[in-house]
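Peer 1:
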Amino acid sequence: MGEKDLRKSMSVLTIGTVIRLTSLTARQIRYYGDQGLVFPERTESNQRLYSLNDIDRILEIKDYLDEGMNIHDIKRIYYKQQLRKSKKGELTDVEARNYLKDDFLNAGRLNKSNDFRSNRL
DNA sequence: ATTCTCACA
DNA sequence: TGTGAGTA
Numbered sequence: 002m003g004e005k006d007l008r009k010s011m012s013v014l015t016i017g018t019v020i021r022l023t024s025l026t027a028r029q030i031r032y033y034g035d036q037g038l039v040f041p042e043r044t045e046s047n048q049r050l051y052s053l054n055d056i057d058r059i060l061e062i063k064d065y066l067d068e069g070m071n072i073h074d075i076k077r078i079y080y081k082q083q084l085r086k087s088k089k090g091e092l093t094d095v096e097a098r099n100y101l102k103d104d105f106l107n108a109g110r111l112n113k114s115n116d117f118r119s120n121r122l
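Numbered by the working numbering, the letters in the first sequence go through residues 2 to 122 in order.
(1) In the DSSP assignment, what are the bridge partners of residue 43?
(2) How far does the alpha helix (DSSP H) with residue 17 in it reach, from first residue to last?
(3) If you follow the alpha helix (DSSP H) that residue 29 is part of, which residue opens it and which one closes it?
(4) Can you grab the Cα-Cα spacing for the pair residue 81 / residue 74, in whole Å?
(5) Excluding five sequence neighbours on each side, which residues of the same chain lie with their C-beta closer than 6 Å to the C-beta of residue 72?
(6) Is the region 23-42 in contact with the region 58-69, if contact means three or more CB pairs nearer than 8 Å?
(7) Buried or exposed: where does residue 55 fall if 16 or more other Cβ atoms within 10 Å of its Cβ makes it buried?
(8) Cutting at 8 Å between CB atoms, please list the residues of its own chain near residue 50, excluding the five before and the five after it.
(9) For residue 52, count neighbouring Cβ atoms within 10 angstroms of its own Cβ and tell me buried if that reaches 16, exposed if not.
(10) With a threshold of 8 Å on Cβ separation, who are the neighbours of residue 1 within its own chain once the five nearest residues in sequence on each side are excluded?
Okay, here's the thing in structure tokens:
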């Protein structure tokens with residue numbers, strides 16, 4: 002990983018900045034984090050801090066949502082992407098369990114109607 | 001002035 | 001998802 006990428010992964014932007022850069026509401030931005038789609042850091046005062054990479058991902062999520070996908074579909078996409086990145090590490094296995102566990106928990110109550118799993122990446 | 005969590009007439 | 005309340 003180069004220095005440039007390192008800078009892009011530095012969490013230094015407050016949610017206010019993210020709002021201006023993405024035209025999304027604080028509610029939506031925080032929600033993506035709650036769903037494990039982005040992982041902003043936290044300051045000692047519990048303030049969320051986003052990186053430029055987070056901005057890219059948030060913008061991407063926004064597009065996917067506009068294209069009709071739901072949080073679950075997007076989760077699957079990033080889940081598969083990470084499987085490809087780390088071919089078979091122990092960390093992946095652990096994270097895989099977390100993703101699935103989280104998936105099942107949320108699947109228990111809400112939306113059972115949206116069952117179009119088309120976007121296989 | 002900003003952001004955070006929580007909850008819903 | 002919006003929004004208002006009550007904080008930090």
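Glycine included, C-beta positions come from ideal geometry on N, C-alpha and C. Note that this is a predicted model, so its numbers are computed, not measured.
Peer 2: To lay it out plainly:
(1) 49
(2) 16-23
(3) 27-35
(4) 11 Å
(5) 36
(6) yes
(7) buried
(8) 12, 13, 14, 15, 41, 42, 43, 44
(9) buried
(10) Since the first residue of the chain shown is 2 and the last is 122, residue 1 is not available in this structure.
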